[in-house]
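If you want my numbering, it's the 1-based position in the sequence shown plus 3. Quick reminder that beta carbons are idealized off the backbone N, C-alpha and C, glycines included.
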Amino acid sequence: MQSTLSSKAAFLNRTPLRCFIYDLLSGIKHSMAEKYRARRQWQKYCTPELLRKYNMLTKLLTTHKSQHRGEKWEAATAHLEDSDNSLWKMAQCLTGRKEPNPPIQGKTHLACSNRDKAEVLADTLETSFKPNQASKLTVEVEQEIAKHYLEHPPETEAATIQECSSDEIRSLIKKLKNCKAPGKDGITNQAI
């Protein structure tokens with residue numbers, strides 16, 4: 004037992020930073036245990052004093068955790084410098100992992116060299132931006148459709164819509180659910 008305690012003390016005293024972090028974590032663990040104990044007591048007896056104690060310990064634990072996170076962040080960012088690229092490594096870690104770009108696929112093979120890539124890109128742009136060659140058949144079909152609509156115009160929507168009063172509109176607006184997503188116009192139900 005004595006050798007275990009001495010080895011534990013030697014480990015903790017090895018560096019002051021580790022000792023500080025261990026003490027801080029043990030303080031947080033102690034306050035967490037105290038909070039859980041207060042919660043159990045409040046659930047058992049349901050008195051306002053125990054609820055106040057539980058809420059106070061919850062707030063105290065939250066501040067301890069945020070202070071610990073802040074101190075860890077300060078320790079991590081204290082020695083960042085531009086000269087040894089540690090600043091840029093941290094920025095790269097924080098921005099997330101970038102996915103590699105997939106290889107460019109040509110008509111028959113992968114484009115590896117810059118020349119092959121340029122040719123594949125040029126071919127793609129050339130096929131994408133060709134003018135449409137309207138065939139004689141499509142022109143005839145378009146003329147037939149236009150002639151049909153001119154001879155038989157569709158009914159207008161104004162003739163099919165019935166009139167309504169402003170009270171009906173207000174009652175319908177009140178029935179709208181505020182938590183729904185906006186429509187195509189981007190206006191939310193709450194704004195209406």
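Quick check: what's the CA-CA separation for residue i versus residue j?
i, j, result
"asparagine 135", "isoleucine 148", "20 Å"
"methionine 93", "alanine 79", "9 Å"
"phenylalanine 23", "methionine 35", "Bear in mind that the predicted position of phenylalanine 23 carries a pLDDT of just 47, short of 50, making it unreliable; the figure below should be weighed with that in mind. Each residue's Cα considered, the two are about 18 Å apart."
"glutamate 122", "lysine 180", "55 Å"
"glutamate 166", "arginine 173", "14 Å"
"leucine 20", "lysine 75", "Since pLDDT at leucine 20 reaches only 45, below the 50 mark, its modelled position is unreliable, and the value read off the structure follows with that caveat. C-alpha separation (whole angstroms): 11 Å."
"proline 185", "glutamate 129", "40 Å"
"lysine 178", "asparagine 192", "10 Å"
Check whether the Cβ atoms of residue i and residue j sit closer than 9 Å, and answer yes or no.
i, j, result
"cysteine 115", "proline 106", "yes"
"lysine 32", "leucine 60", "no"
"lysine 265", "tryptophan 45", "Absent from the model: residue 265. The displayed extent of the chain is 4 to 195, so no value can be given."
Is it buried or exposed, residue i, if we count other Cβ atoms within 10 angstroms and call 16 or more buried?
i, result
"alanine 81", "exposed"
"lysine 187", "exposed"
"tyrosine 48", "exposed"
"alanine 194", "exposed"
Out of the options, which one is the CA nearest neighbour of residue i?
i, options, result
"histidine 71", "Thr127, Thr141 and Leu28", "Leu28"
"threonine 127", "Gly109, Thr98, Asp170 and His151", "Gly109"
**OP:** Please go through the segment 104-151 and give each complete alpha helix (DSSP H) segment of 4 or more residues, from N-terminal end onward.
**Re:** Runs of the alpha helix (DSSP H) lying entirely within the segment 104-151 and spanning at least 4 residues, in chain order: 117-131.
Original post:
What alpha helix (DSSP H) runs, 4 residues minimum, are completely inside the segment 39-107?
Top reply: Entirely contained in the segment 39-107, the alpha helix (DSSP H) runs reaching 4 residues are, in chain order, 51-80 and 89-98.
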